[in-house]
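A short write-up of the structure that comes next.
There are 2 protein chains.
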Amino acid sequence: MKVEIITIGDELLIGQVTDTNSTWIAHQITRHGFEVVAISSVGDCSENIIKAIDIAFERADILLLTGGIGPTNDDITKHTLCSYFHTALELNDEVLQNIESIFLKRNLLLNKLTYNQAYVPASSNVIQNSEGTAPILWFEKEDKTLVSLPGVPYEMQTAMYKDVIPLLIKRFHVTEYISRSCIVTGITESDLASKLADFELLLPSGYSLAYLPSLGYISLRLSVWGHEHIEELKQLMRNLKKIVKSYYISKGTKLPEELLSDKLQKKKLTLSTAESCTGGHIAHKITVVPNASKFFIGSIVSYANSVKEQLLNVDKNTIELHGVVSKEVVEQMVINVSKTLNTNCSIAVSGYMGPDGGTKDQPVGTVWIATKYNDDLLFQKHHLGLNREYNIERTANLAILQLIKMIGK
Amino acid sequence: MKVEIITIGDELLIGQVTDTNSTWIAHQITRHGFEVVAISSVGDCSENIIKAIDIAFERADILLLTGGIGPTNDDITKHTLCSYFHTALELNDEVLQNIESIFLKRNLLLNKLTYNQAYVPASSNVIQNSEGTAPILWFEKEDKTLVSLPGVPYEMQTAMYKDVIPLLIKRFHVTEYISRSCIVTGITESDLASKLADFELLLPSGYSLAYLPSLGYISLRLSVWGHEHIEELKQLMRNLKKIVKSYYISKGTKLPEELLSDKLQKKKLTLSTAESCTGGHIAHKITVVPNASKFFIGSIVSYANSVKEQLLNVDKNTIELHGVVSKEVVEQMVINVSKTLNTNCSIAVSGYMGPDGGTKDQPVGTVWIATKYNDDLLFQKHHLGLNREYNIERTANLAILQLIKMIGK
Chain A
42 MKVEIITIGD ELLIGQVTDT NSTWIAHQIT RHGFEVVAIS SVGDCSENII KAIDIAFERA
102 DILLLTGGIG PTNDDITKHT LCSYFHTALE LNDEVLQNIE SIFLKRNLLL NKLTYNQAYV
162 PASSNVIQNS EGTAPILWFE KEDKTLVSLP GVPYEMQTAM YKDVIPLLIK RFHVTEYISR
222 SCIVTGITES DLASKLADFE LLLPSGYSLA YLPSLGYISL RLSVWGHEHI EELKQLMRNL
282 KKIVKSYYIS KGTKLPEELL SDKLQKKKLT LSTAESCTGG HIAHKITVVP NASKFFIGSI
342 VSYANSVKEQ LLNVDKNTIE LHGVVSKEVV EQMVINVSKT LNTNCSIAVS GYMGPDGGTK
402 DQPVGTVWIA TKYNDDLLFQ KHHLGLNREY NIERTANLAI LQLIKMIGK
Chain B
42 MKVEIITIGD ELLIGQVTDT NSTWIAHQIT RHGFEVVAIS SVGDCSENII KAIDIAFERA
102 DILLLTGGIG PTNDDITKHT LCSYFHTALE LNDEVLQNIE SIFLKRNLLL NKLTYNQAYV
162 PASSNVIQNS EGTAPILWFE KEDKTLVSLP GVPYEMQTAM YKDVIPLLIK RFHVTEYISR
222 SCIVTGITES DLASKLADFE LLLPSGYSLA YLPSLGYISL RLSVWGHEHI EELKQLMRNL
282 KKIVKSYYIS KGTKLPEELL SDKLQKKKLT LSTAESCTGG HIAHKITVVP NASKFFIGSI
342 VSYANSVKEQ LLNVDKNTIE LHGVVSKEVV EQMVINVSKT LNTNCSIAVS GYMGPDGGTK
402 DQPVGTVWIA TKYNDDLLFQ KHHLGLNREY NIERTANLAI LQLIKMIGK
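For the record, the sequence lines run as chains A and B. Residue numbering for the first sequence follows the working numbering, starting at 42 and increasing by one per position. Residue numbering for the second sequence follows the working numbering, starting at 42 and increasing by one per position.
Now the structure itself:
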């Protein structure tokens, strides 16, 4: 059963707000066997909304709209739907009661604009919004269905969970979409594709393999329609894992920092970082994940060489002899940060992130990463690009992945 | 000039990835005077891509496509565009050189799939991708323009900044669109809108005032078509500045960390940070800006209390008496980090970022920020929300803005 999602709001078209509603809806309804064929965003303009609905009904059976149903003047979705379905607004007592109870709970006086929310198109079926004042409207027209939902994410999500998804499942008979993912590192997308060329060629019909590259790693997703394929899918993923074995990090779609967090907590290990060129970004990524305080102790961001010498006891002569971007310097950094902050594991990085800097032998993009896991040390040198921001992000990911691989299962 | 953005990829339609490319592109090109009329996402399916292009050309003059141009089999945008524009692939030596230089730099061998990236549609103008192997393709057809960009965000963003936006501006003469911006902090969007209600009402015809809220500050942009309005625009901005005076940070669209970087370099000041709850994010933001090494010395990320005591000499009794999220603790942090790392300026933060943690008196979202500028100290307590990631980002911005205000002109 084909679905199109239409998100409505000027804020989307000027890039003020990222449309996360579509991602959420697509993820949920795909899991329940619906196929999203397109996602569109249009502004708060009646003509453009109607055009988008017309286009969408040509390629989909079900339209899910979000946004443009608030009480203020710039919200016009409800009036547009009235004109589209040739119907008029009428007062709905149930909606009015819902609004009144919400306002009572919040100790607010009902104003005219909010009262108007209780007027709904006569030809629509109304679903109560348990989180807000704008009702959910369900329209049917021949074989097609259109559902208008609030743009406020938690209102939309509650309505989808509680009412809209169950009603869609009941109304339409659908097969399930299943997928399995994994992440790999240390290989380019094209090399990976070459390695997986035969695997892809021999995939049973209906399967698709997708490559999703990030800075420092690639996610692979194998998917197929129909839950009856689940055992075959699992077996195929085991085969895939064998082929990409030496680059394989983990199954699933978790971020590197989430995987490291899981691993460190499971093994009751502690972590510190000594960061030069990443300037605290590794520590930041790790501490964005909830519960970081259970294993992360701290970081010494030694941007200036004086800090490397003073707080990380890096030998001045080593810096002079080997350069600050060297195996020898990150070795002292990784050992001494775990000594100073008393941790089992540590990460140290030093590199030239650009756009300026670097030397003839060590141009911009050169980075050394050292990781320490108990008494083991691992060193890797990388040659990255010229973009400072991406180099920092890539270095942080590579460093986290290096420690994950080192810790193992 | 009307623009539609089309993002291509199955991962968008199954809700595995949020389409942040559209937001980024919409934000950038709106700033340059283009009008985004719609955003569409379709899967890696030739028929659906062609349908989306046809639809888009009916409502827009310029189509910006992202995605589906990697070296792997699931990427079909290039072949689809060949068939759409009735052209064929041919080897492009410049692209091949670019690919070879990327692979050489990374010490990788060129494989067949990547080699194929150098084949481009004969009728397209090619723009080199400085961050990856997939070239940017620019097609013209009668009065319409279509640009195919990589889906990998950093590749797309670099190409847009360096080449596509300048070329679009040159080609479509949108230089007549003029705007002035400023950033303000310490006021909600609705309070700001109330303060500016009369100003907005009295704006000469043709002007528009946009509110672009970020975490911790709001950008205001006043814009109008036609360079003849430049003096009037400047005068209006001076009026606006007077109205929002106590919240005003700076004119322009620079990020807080860029403004701080300018200020510190101009005044020949040095900076260090002592970060608890932000986990290195302030140092990261500051060091993403090129030339950070000219003023930034380092950071002590004291995630665990032991690090606060050991490296920042925070008194154990102070923590016990006042709690770790307190004015007294950030005071010691901010003074001692600038003493230890020998800097004129410093920033210290401590807070509960959530989702768990906090105390009855100091719930999740409570944060103390201390800033030091020579011998002056400034303290601010904030009450943020429940979302960990947003709290960290907002705290980092608020801390940087606090130091900017303190240093003054």
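All residues carry an ideal CB built from backbone N, CA and C; glycine is no exception. Remember, predicted model here, so these are calculated numbers, not experimental data.
DSSP puts residue i in a beta bridge; with which residues?
{"i": "ILE46(B)", "result": "ILE80(B), LEU105(B)"}
{"i": "ALA411(B)", "result": "ALA389(B), PHE420(B)"}
{"i": "GLY451(A)", "result": "The shown model of chain A, from 42 to 450, leaves out residue 451(A), and the question about it has no answer."}
{"i": "LYS182(A)", "result": "LYS185(A)"}
{"i": "ILE360(B)", "result": "DSSP output for ILE360(B) lists no bridge partner at all."}
{"i": "VAL161(B)", "result": "GLU131(B)"}
{"i": "ILE441(A)", "result": "Answer is none; ILE441(A) lacks a bridge partner."}
{"i": "ILE168(A)", "result": "ILE177(A)"}
{"i": "LEU190(A)", "result": "THR107(A)"}
Quick check on the burial criterion: 16 or more other C-beta atoms within 10 angstroms. Buried or exposed for residue i?
{"i": "GLN158(B)", "result": "buried"}
{"i": "TYR202(A)", "result": "exposed"}
{"i": "GLU273(A)", "result": "exposed"}
{"i": "TYR195(B)", "result": "buried"}
{"i": "ASP184(B)", "result": "exposed"}
{"i": "ARG72(B)", "result": "buried"}
{"i": "HIS423(A)", "result": "buried"}
{"i": "GLN57(B)", "result": "buried"}
{"i": "ILE271(B)", "result": "exposed"}
{"i": "SER387(B)", "result": "buried"}
{"i": "LYS275(A)", "result": "exposed"}
Taking Cβ positions, are residue i and residue j nearer each other than 8 Å?
{"i": "HIS322(B)", "j": "GLY320(A)", "result": "no"}
{"i": "PRO112(A)", "j": "LEU53(A)", "result": "no"}
{"i": "VAL342(A)", "j": "GLY339(B)", "result": "yes"}
{"i": "CYS223(B)", "j": "LEU261(B)", "result": "yes"}
{"i": "LYS413(B)", "j": "VAL375(B)", "result": "yes"}
{"i": "LEU305(B)", "j": "LEU312(B)", "result": "yes"}
{"i": "VAL225(A)", "j": "ILE284(A)", "result": "no"}
{"i": "THR216(A)", "j": "GLY74(A)", "result": "yes"}
{"i": "LEU130(B)", "j": "PRO162(B)", "result": "yes"}
{"i": "ARG100(A)", "j": "LYS92(B)", "result": "yes"}
{"i": "CYS318(A)", "j": "VAL390(A)", "result": "yes"}
{"i": "LEU425(A)", "j": "GLY406(A)", "result": "yes"}
{"i": "GLU172(B)", "j": "TYR431(A)", "result": "yes"}
{"i": "LEU149(B)", "j": "THR229(A)", "result": "yes"}
{"i": "LEU500(B)", "j": "MET197(B)", "result": "For residue 500(B) there is no data in the structure shown, the boundaries of chain B being 42 and 450."}
{"i": "ASN166(A)", "j": "ASN139(A)", "result": "no"}
For residue i and residue j, what's the separation of their Cα atoms in angstroms?
{"i": "ASN133(A)", "j": "ILE96(B)", "result": "37 Å"}
{"i": "GLU76(B)", "j": "ILE80(A)", "result": "19 Å"}
{"i": "ALA411(A)", "j": "GLU298(A)", "result": "17 Å"}
{"i": "ILE26(B)", "j": "ILE327(A)", "result": "Lying outside 42 to 450, the shown extent of chain B, residue 26(B) is not represented and no answer is given."}
{"i": "PHE240(A)", "j": "THR48(B)", "result": "28 Å"}
{"i": "TYR344(A)", "j": "PHE337(B)", "result": "7 Å"}
{"i": "ALA440(A)", "j": "MET447(A)", "result": "11 Å"}
{"i": "ILE65(A)", "j": "LYS146(B)", "result": "Looking at the sequence provided, one finds Trp at residue 65(A) rather than Ile. Going from the Cα of TRP65(A) to the Cα of LYS146(B) covers about 39 Å."}
{"i": "LEU310(B)", "j": "SER334(B)", "result": "12 Å"}
{"i": "PHE126(A)", "j": "ILE117(A)", "result": "14 Å"}
{"i": "LYS349(A)", "j": "GLU369(B)", "result": "28 Å"}
{"i": "LYS401(A)", "j": "GLY364(A)", "result": "12 Å"}
{"i": "ASP106(B)", "j": "GLU361(A)", "result": "Checking the displayed sequence, the identity of residue 106(B) turns out to be Leu instead of Asp. About 49 Å."}
{"i": "SER82(B)", "j": "THR384(B)", "result": "49 Å"}
{"i": "LEU104(B)", "j": "ILE70(B)", "result": "12 Å"}
{"i": "VAL44(B)", "j": "ILE177(B)", "result": "17 Å"}
{"i": "ILE206(B)", "j": "ALA251(B)", "result": "21 Å"}
{"i": "ASP115(B)", "j": "ASP204(A)", "result": "35 Å"}
{"i": "GLY247(B)", "j": "ILE219(B)", "result": "11 Å"}
{"i": "LEU32(B)", "j": "ARG429(B)", "result": "Only positions 42 to 450 of chain B appear in this structure, which leaves residue 32(B) out of reach."}
{"i": "SER379(B)", "j": "ASN152(B)", "result": "52 Å"}
{"i": "SER302(A)", "j": "SER287(A)", "result": "22 Å"}
{"i": "LYS282(B)", "j": "ALA238(B)", "result": "14 Å"}
{"i": "GLN199(B)", "j": "ASN438(A)", "result": "This sequence places Thr at residue 199(B); Gln is not what is there. Going from the Cα of THR199(B) to the Cα of ASN438(A) covers about 20 Å."}
{"i": "THR381(A)", "j": "SER63(A)", "result": "47 Å"}
Run through the segment 240 to 314 of chain A for me and flag every whole beta strand (DSSP E) of 3 or more residues, listed as ranges in chain order. Complete beta strand (DSSP E) runs here, min 3: 249 to 255, 258 to 266, 289 to 292.
Hey, which unbroken runs of the beta strand (DSSP E) at 3 residues or more fall wholly within the segment 193 to 233 of chain A? Inside the segment 193 to 233 of chain A, DSSP marks whole beta strand (DSSP E) runs of 3 or more residues at positions 218 to 225, from first to last along the chain.
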